[in-house]
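Asks:
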Amino acid sequence: MRAPLVVAWSSAVLAVAAVAVVLVARAADADPASAWGPATTLLVALPAVGAGVAIARTPGSGAIGPLVALLGLTGAADAAFASWADAAGDLPGAPVAALAFSLDWLPVFSLAALLLLLFPDGRPPSPRWRPVAVLAVAGPVAVAVSGVLREDPLEGPYADLPRPGPAGLDGPATVLAVVGLPVTGAALVLAAAAMVVRFRRAEGVPRVQLKWLAVAAGLIPAAFAICLTGVLLGGDVEDVAPIPFVVMYVALVTAVAVAMLRHGLFDVDRAISRTLAWATLTLLLVVVFAGVALLVAVPLGGGSAVATAVAALTAAAVAEPSRRRLQSLVDRRFDRDRAAAVARVEAFAARLREGRAEPEDVEGVLRVALADPGLRVLVWAPDAGEHRDLAGAPVTSPAPAPGQVVTVLGRGEAPLGLLVHDARLRRRAGLLVDIARAAALPVEMARLRGELRHRLDEVEESRIRLVRAGYEERRRLTRDLHDGVQQRLVAVGMGLRRLQRGTAGRPEIDAGLDHAVDEISAAVRDLREMARGLRPGALDGGLAPALADLARRTPLPVDVEGPRERVSGEVEAAAYYVACEAIANAVKHAGASRVVVRALRDDGGLRLSVSDDGRGGAEPSAGGGLAGVADRVAAHGGALVLDSRPGHGTRLEVTLPCVS
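Under this note's numbering, residues 80 to 739 are what the sequence shown spells out, in order.
1. Distance, Cα to Cα, A87 vs G453?
2. Report the residue from G574, L635, L685 whose alpha carbon sits nearest the alpha carbon of G648.
3. State yes or no: is the C-beta of R423 within less than 8 Å of the C-beta of V456?
4. Report, in whole angstroms, the separation of the C-beta atoms of W291 and V347, which I expect to be a contact under 8 Å.
5. For R677, name the three-state secondary structure that DSSP assigns.
6. Would T359 and L405 qualify as a contact pair, given that the criterion is a beta-carbon distance under 8 Å?
7. Between T734 and P642, what straight-line distance do the alpha-carbon atoms span, to the nearest angstrom?
8. Assuming contact is defined by CB atoms lying nearer than 8 Å, are R446 and L495 in contact in what I supplied?
9. Can you list, in chain order, the residues of its chain whose CB lies under 6 Å from that of A295, leaving out five sequence neighbours each side?
10. Secondary structure at S90, three-state DSSP: helix, strand or coil?
11. What are the start and end residues of the beta strand (DSSP E) that includes W184?
12. Around the Cβ of V512, are there at least 16 other Cβ atoms within 10 angstroms (buried) or fewer (exposed)?
13. Mind reading off the beta-carbon distance from P521 to V441? Whole number of angstroms is fine, and I expect it under 8 Å.
14. Reducing DSSP to helix, strand and coil, say where P473 ends up.
15. Near I134, which residues of its chain fall below 6 Å by C-beta distance, leaving aside the five closest residues on each side in sequence?
16. Please name the residue in I322, T729, A215 whose C-alpha comes closest to that of R673.
17. Is D157 buried or exposed, if buried means 16 or more other CB atoms sit within 10 Å of its CB?
18. Using only alpha-carbon positions, find the residue among P438, V676, L635 that is nearest to P50.
19. My assumption, with CB atoms under 8 Å, is that A391 sits in contact with F427. Please give the rounded CB distance.
20. Quick one: using the 10 Å Cβ neighbour count with 16 as the cut-off for buried, is M274 buried or exposed?
21. Once DSSP output is grouped into helix, strand and coil, what is the label at H466?
22. Please work out which residues of its chain come closer than 7 Å, Cβ to Cβ, to A191, disregarding the five sequence neighbours upstream and downstream, and give them in chain order.
23. Secondary structure at L248, three-state DSSP: helix, strand or coil?
24. Have a look at E425 and A96 and give me their C-alpha separation to the nearest angstrom.
25. Considering only the beta carbon of each residue, do T486 and L498 sit closer than 8 Å?
26. Note the first and the last residue of the continuous beta strand (DSSP E) segment covering L721.
27. Determine the DSSP secondary structure at D754, reduced to helix, strand or coil.
28. When you compare each of A356, P117, V337 to R403 by their alpha carbons, which one comes out closest?
29. If L694 and E644 are in contact, beta carbons under 8 Å, what's the gap, nearest whole angstrom?
30. If you drop the 5 nearest sequence neighbours on each side, which residues of the same chain put their C-beta closer than 8 Å to that of R532?
31. From what residue to what residue does the beta strand (DSSP E) around V637 run?
32. Distance check for V216 and L240, CA to CA, integer angstroms please.
33. Look up V646 in the DSSP assignment and say whether it is helix, strand or coil.
34. Can you name, in chain order, every residue of its own chain whose Cβ lies under 7 Å from the Cβ of V262, other than the five neighbours on each side?
35. Pull the bridge partners of G684 from the DSSP assignment, please.
36. Report buried or exposed for D249, applying the criterion of at least 16 other Cβ atoms within 10 angstroms of its Cβ.
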């Protein structure tokens, strides 16, 4: 068994023995009221012994567990000695118990100094701090020796100093009693300095543990200050001291136990900053209240209710703005990591409101602010009932990876999404709350933009489906006209011709049949033109042959360069109609002498340009042919650029995305 664990268990055994002593002494004491003090002391001391044993079982705790156990044993022994001393004359050894009881709280402060010096690994920050441990032990030893040399050990060592007596006896005892407390106080101050030095060097878990100890260590001077204030106000030290010192004792043991066993139980940074801010605010309000009350009461006279009301209203008016300012100052000084993280996110939100940042960058900002490179932000899509990442991709299961946990993000009552982060951040619950509050606006904007992109993608896909459906419908109509009605009319015409040959020599019948055949031929020509308007048959071979056929039928010289590879049928049809409209404008309105048509694949799309050397000045007026071209291009999700400066010809360039 390790030595620290042996010391801790030995302290536990002695504490149990102290309980037995208290019970025996109480049985011999006829005054039941005197049992309250020892019982209260045991109530706070025994849990400390248990905490010391638990800490001693923790690897790497060093001497911390035994020190906490000794703190508990000190309290239990104090209760035992107090009970035994009260039974003076009735039980043997009462003077010895009174001598030990004369140490009062000094061993507690000595052990507290050792904790501040050795926490959290059981070693001082460096060898040069070892003399502080000697000072911490020397104080109680000096007072104990003083008690041995004194004639009345039933009195405390500081009850009646200085006291006359033989130089050989009371002189050294007085000196030792006077020196003991300052030596212990000096050890406490130096140990606190050692803790500050260690804190500045510490990182990670040791730094968090030291923060827990610092919270309790701050109560040591506070206990002395409260006790001194009570004495100066006329109180008895025996009545004033117990409560603040018991609170300090319990806080010290609790802080060390939590720091060593469950350092991530609460957000210690938030606790420190809030405690300091509220304590400072309370002091400020007391000063404001008292000052205003005195200023108003002097001219109005003492006991004025107006003074009290004015002071209360003034303090209330100062409270909220002062709290915010104080909290900000305390956070920057005592919780710099949290303040820096929140400030980074708030600065990003400010840039976002000014239009100098993108909402989707919030994930990267949070990763830097929380020092978590694996952090993810998932936004809630209420229309789909699912979570999506900031790129808009659905997340089937937001379950975190091993070592990660989920924090829900919200703005008011509305859920915004999830923050998937390192599980170690759970101990900084306050930081997560502040970060989530600061990031609410960027996350909500990212969610809304993602939802908008999703809607636009759906509209785009719907438009492509409509265009494709229209193209397929026109293709079907073209095929039906060619293979159905047109073929029937041709068959009827051929039948009429055969009938005409059978009725030769009858002019009136021949004329009627000739007219019927001519009408049928005209109807066939109209159907062919209609079919060509729905979808040119030349496109069956691709866009390049269709453009070449269009160039042959144009009364102007047309240079054509078509794409070698095929694209989707609806894109080819759209490009063909754009070329038809541009060439028709060049022939009818531009007075051009030459037209150049280029259609090439470029960056996954089809780029079509039609340029002429005409007079220029073309505009896509409402209802005109170019307006129809613009609508057709937009329906395909493409882009149109028109350059038609007067006297410089016209150049129409269209880019159509190729869909599969």
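By construction, the Cβ of each residue, glycine as well, lies at the ideal position given by its N, Cα and C atoms.
Since the model is a prediction, treat every value here as computed from it, not as a measurement.
Replies: Reading off the structure:
1. Within the sequence shown, numbered from 1, the residue matching residue 87 stands at position 8. Within the sequence shown, numbered from 1, the residue matching residue 453 stands at position 374. Using only the alpha carbons, I get a separation of about 42 Å.
2. Stepping through the sequence shown from its first residue, residue 648 is reached at position 569. Taking only the C-alpha atoms, the option nearest G648 is L685.
3. Walking along the sequence shown from the start, residue 423 turns up at place 344. Walking along the sequence shown from the start, residue 456 turns up at place 377. Contact: no.
4. By 1-based counting over the sequence shown, the position of residue 291 is 212. By 1-based counting over the sequence shown, the position of residue 347 is 268. Rounded, the Cβ-Cβ distance is 5 Å, consistent with contact.
5. The count along the sequence shown starts at 1 and reaches residue 677 at position 598. Strand.
6. In the sequence shown, the residue the question calls residue 359 occupies position 280. In the sequence shown, the residue the question calls residue 405 occupies position 326. One thing to note: T359 has its Cβ within 8 Å of the Cβ of L405.
7. The sequence position of residue 734 within the sequence shown is 655, counting from 1. The sequence position of residue 642 within the sequence shown is 563, counting from 1. Using only the alpha carbons, I get a separation of about 14 Å.
8. Taking the sequence shown and counting its residues from 1, one reaches residue 446 at position 367. Taking the sequence shown and counting its residues from 1, one reaches residue 495 at position 416. Contact flag unset, no.
9. Here residue 295 refers to the residue found at position 216 when the sequence shown is read from its first residue. The residues are A330, L331, A334.
10. In the sequence shown, residue 90 corresponds to position 11, counting from 1. Here S90 sits in helix by DSSP.
11. Counting from one through the sequence shown, the residue named residue 184 turns up at place 105. Element bounds for W184: n/a, residue is neither H nor E.
12. As a first step, residue 512 is located in the sequence shown; it is residue number 433 there, counting from the start. V512 comes out exposed.
13. As a working note, residue 521 is residue 442 in the sequence shown. As a working note, residue 441 is residue 362 in the sequence shown. Yes, they are in contact, since the Cβ atoms of P521 and V441 sit about 4 Å apart, within 8 Å.
14. By one-based count along the sequence shown, residue 473 stands at place 394. If DSSP states are grouped into helix, strand and coil, P473 belongs with the strands.
15. Stepping through the sequence shown from its first residue, residue 134 is reached at position 55. Result list for I134: S140, I143, G144, V147, M339, in chain order.
16. As a working note, residue 673 is residue 594 in the sequence shown. Selection I322, T729, A215 evaluated against R673 yields T729 as nearest (Cα-Cα).
17. Working through the sequence shown from its first residue, we reach residue 157 at position 78. So D157 ends up on the buried side.
18. Coverage of the chain is limited to positions 80 through 739, which leaves residue 50 absent and any answer about it impossible.
19. Position 312 of the sequence shown, counted from the first residue, corresponds to residue 391. Position 348 of the sequence shown, counted from the first residue, corresponds to residue 427. Taking the Cβ atoms as the reference, A391 lies roughly 41 Å from F427, outside the contact range of under 8 Å.
20. Along the sequence shown, one-based indexing puts residue 274 at 195. It counts as buried.
21. As a working mapping, residue 466 is identified with position 387 in the sequence shown. Here H466 sits in strand by DSSP.
22. Within the sequence shown, the letter at position 112 stands for residue 191. Excluding residues within five positions, the ones whose Cβ falls inside 7 Å are L267, I299, L331.
23. Start at 1 with the first residue of the sequence shown, and residue 248 comes out as number 169. For L248, the pLDDT reaches just 40, beneath the cut-off of 50, and the residue's location in the model is therefore unreliable, although a value from the coordinates is still provided. If DSSP states are grouped into helix, strand and coil, L248 belongs with coil.
24. By one-based count along the sequence shown, residue 425 stands at place 346. By one-based count along the sequence shown, residue 96 stands at place 17. One C-alpha to the other measures close to 59 Å.
25. For this step, residue 486 is matched to residue 407 along the sequence shown. For this step, residue 498 is matched to residue 419 along the sequence shown. Yes, the Cβ-Cβ distance between T486 and L498 is below 8 Å.
26. Locating residue 721 in the sequence shown gives position 642, where the first residue counts as 1. It spans 718 to 722 - the beta strand (DSSP E) in which L721 sits, taken as one unbroken run.
27. Absent from the model: residue 754. The displayed extent of the chain is 80 to 739, so no value can be given.
28. The residue you call residue 403 lines up with position 324 of the sequence shown. Comparing Cα positions, the closest option is A356.
29. By 1-based counting over the sequence shown, the position of residue 694 is 615. By 1-based counting over the sequence shown, the position of residue 644 is 565. The amino acid at residue 694 is misidentified as Leu; the sequence shows Arg. Rounded, the Cβ-Cβ distance is 36 Å, inconsistent with contact.
30. The residue given as residue 532 occupies position 453 in the sequence shown. Closer than 8 Å at the Cβ level, and outside the excluded window around R532, lie G471.
31. Here residue 637 refers to the residue found at position 558 of the sequence shown. 637 to 640 is the extent of the beta strand (DSSP E) around V637.
32. Counted from its first residue, the sequence shown places residue 240 at position 161. Counted from its first residue, the sequence shown places residue 216 at position 137. Below a pLDDT of 50, predicted positions are generally treated as unreliable, and L240, at 38, falls in that range; no measurement from the model is reported.
33. The residue given as residue 646 occupies position 567 in the sequence shown. V646: coil per DSSP, three-state reduction.
34. Walking along the sequence shown from the start, residue 262 turns up at place 183. These residues qualify, in order along the chain: L214, A217, G218, A221.
35. One-based indexing of the sequence shown puts residue 684 at position 605. In the DSSP output, where bridge partners are listed per residue, G684 has D681, P736.
36. Walking along the sequence shown from the start, residue 249 turns up at place 170. Confidence at D249 is low in this model, with a pLDDT of 49, below 50, so its placement is unreliable and the value that follows should be read with caution. Burial of D249 is indicated by the presence of at least 16 other C-beta atoms within 10 angstroms of its C-beta.
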